[in-house]
Amino acid sequence: MQFAIAVSAAVPALADQRPERCQRCGSPGFNLHQRATTTLKDPLALRAPVLRFICKRRRKTTRLYPKGVDGAHQTVAMRQASVVLYWLGLSYDGVREYLGRFGCPLSKATVWANVRWTGLVGHRHRLRSDSGSLLVQEGPGGPVARLRVRGRSYSLALEPSAASELTILAMAHQPETARILYRRVVEVARRLRLQVEPAGAHENARA
Ligand SMILES: [Zn+2]
Numbered sequence: 001m002q003f004a005i006a007v008s009a010a011v012p013a014l015a016d017q018r019p020e021r022c023q024r025c026g027s028p029g030f031n032l033h034q035r036a037t038t039t040l041k042d043p044l045a046l047r048a049p050v051l052r053f054i055c056k057r058r059r060k061t062t063r064l065y066p067k068g069v070d071g072a073h074q075t076v077a078m079r080q081a082s083v084v085l086y087w088l089g090l091s092y093d094g095v096r097e098y099l100g101r102f103g104c105p106l107s108k109a110t111v112w113a114n115v116r117w118t119g120l121v122g123h124r125h126r127l128r129s130d131s132g133s134l135l136v137q138e139g140p141g142g143p144v145a146r147l148r149v150r151g152r153s154y155s156l157a158l159e160p161s162a163a164s165e166l167t168i169l170a171m172a173h174q175p176e177t178a179r180i181l182y183r184r185v186v187e188v189a190r191r192l193r194l195q196v197e198p199a200g201a202h203e204n205a206r207a
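Numbering (our numbering), first residue to last: 1 to 207.
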């Protein structure tokens, strides 16, 4: 059985956005100071535009990132993906190790901060995989995280499914394990307002 959670990974261009008020002095007047790009810790969107504004009153700069990118140089999609992986059984270090295989250098502390941001640190409904069971292997479609829960194996895989979408696949062969996994998939999708794709939609993906 295989379940998939879709995460929108679109990073829209910065149009003529402006900050509303200066965060330091509250002044609404700004001059555009610089157009730049920032490097992202995300294999799907390696760079994103940034606008720097200077407040007219105190000359302090403010950065504006596109929607979908936060100041920690992650896309919101990567942040959500790291939380889903944690929820489905990877430790903070496991998330770091797994995403590292995609060239996505999130630190363990960043993964923890991502989870804390969603309020799900140590949540009792999180799937607890057997300790030390993580094995990251190279599958035909990319890295796969293989885990066990109560001795039974399941796996998680992240894959770009379209130009602007990431899919997190959760797979288990044993029916009871698949049921446990499915409940957790549905719960984390609800909490993060993500879309669960119907089982079987990814039949051809790696198992
Ligand atoms: Zn100011």
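Cβ atoms here follow ideal geometry from the backbone N, Cα and C, with glycine treated the same way.
What would DSSP say about Pro210, mapped onto helix, strand or coil?
Past the edges of the chain, shown from 1 to 207, lies residue 210, and the structure says nothing about it.
Distance between beta carbons of Ser155 and Val144, contact taken as under 8 angstroms:
For the purposes of this step, residue 144 is identified with residue 144 of the sequence shown, where counting begins at 1. For the purposes of this step, residue 155 is identified with residue 155 of the sequence shown, where counting begins at 1. The Cβ separation is near 5 angstroms, so the contact holds.
Beta bridge counterpart(s) of Gly139 as assigned by DSSP
One-based indexing of the sequence shown puts residue 139 at position 139. Gly142.
DSSP on Leu88, reduced to helix/strand/coil?
Translated into positions along the sequence shown, residue 88 becomes position 88. Coil.
Looking at Trp87 and Val188, is the spacing between their C-beta atoms short of 9 angstroms?
By one-based count along the sequence shown, residue 188 stands at place 188. By one-based count along the sequence shown, residue 87 stands at place 87. The criterion of a C-beta distance shorter than 9 angstroms is satisfied by Val188 and Trp87.
I'd like the list of long-range same chain contacts for Ala109, defined as Cβ closer than 7 angstroms, with 5 residues on each side in sequence excluded.
Working through the sequence shown from its first residue, we reach residue 109 at position 109. None.
Which residues in the same chain as Ala157 place their Cβ atom closer than 8 angstroms to its Cβ, once the five residues preceding and following it in sequence are excluded?
Position 157 of the sequence shown, counted from the first residue, corresponds to residue 157. Correct list, in chain order: Gly139, Gly141, Gly142, Pro143, Val144, Ala145, Ile168, Leu169, Met171, Ala205 and Arg206.
Report buried or exposed for Ala81, applying the criterion of at least 16 other Cβ atoms within 10 angstroms of its Cβ.
Position 81 of the sequence shown, counted from the start, is the residue given in the question as residue 81. By the neighbour-count rule (16 or more Cβ atoms within 10 Å), Ala81 is buried.
Any 3 or more C-beta pairs closer than 8 angstroms across the segment 1 to 13 and the segment 68 to 82:
yes
So what does DSSP say about Glu159, is it helix, strand or coil?
Walking along the sequence shown from the start, residue 159 turns up at place 159. DSSP places Glu159 in strand when its eight states are reduced to three.
Which one of Arg18, Thr75 and Asp42 has the shortest CA to CA distance from Cys55?
In the sequence shown, the residue the question calls residue 55 occupies position 55. When only C-alpha atoms are compared, the closest one is Arg18.
Is it buried or exposed, Ser161, if we count other Cβ atoms within 10 angstroms and call 16 or more buried?
One-based indexing of the sequence shown puts residue 161 at position 161. The residue is buried, with at least 16 neighbouring Cβ atoms inside 10 Å.
My guess is that Leu85 and Val95 are in contact by the Cβ rule of under 8 angstroms, so how many angstroms apart are they, rounded?
Residue numbering aside, residue 85 sits at position 85 when the sequence shown is read from its first letter. Residue numbering aside, residue 95 sits at position 95 when the sequence shown is read from its first letter. With a Cβ gap of about 5 angstroms, Leu85 and Val95 count as contacting.
Can you say whether Ala45 is buried or exposed, counting buried as having 16 or more other CB atoms within 10 angstroms of its CB?
Indexing the sequence shown from 1 puts residue 45 at position 45. Buried is the call here.
Can you give the Cα-Cα distance for Arg24 and Thr61, rounded to whole angstroms?
The residue labelled residue 24 in the question sits at position 24 within the sequence shown. The residue labelled residue 61 in the question sits at position 61 within the sequence shown. C-alpha separation (whole angstroms): 10 angstroms.
Quick one: what's Arg47 bridged to in DSSP?
Position 47 of the sequence shown, counted from the first residue, corresponds to residue 47. Paired residues: Thr39.
Those residues, in chain order, that have a beta-carbon closer than 6 angstroms to some heavy atom of ligand 1:
Per the Cβ criterion, the list is Cys22, Arg24, Cys25, Ser27, Cys55, Arg57, Arg58 and Lys60.
Would a C-beta distance cut-off of 9 angstroms place Leu64 and Arg52 closer than the cut-off?
Translated into the one-based positions of the sequence shown, residue 64 becomes position 64. Translated into the one-based positions of the sequence shown, residue 52 becomes position 52. In this structure, Arg52 lies closer than 9 angstroms to Leu64 by Cβ.
Enumerate in chain order the residues of its own chain whose CB-to-CB distance from Gln74 is below 6 angstroms, with the five nearest sequence positions on each side excluded.
Stepping through the sequence shown from its first residue, residue 74 is reached at position 74. If we look at Gln74 and ignore the five residues flanking it on each side, its Cβ neighbours are Lys41.
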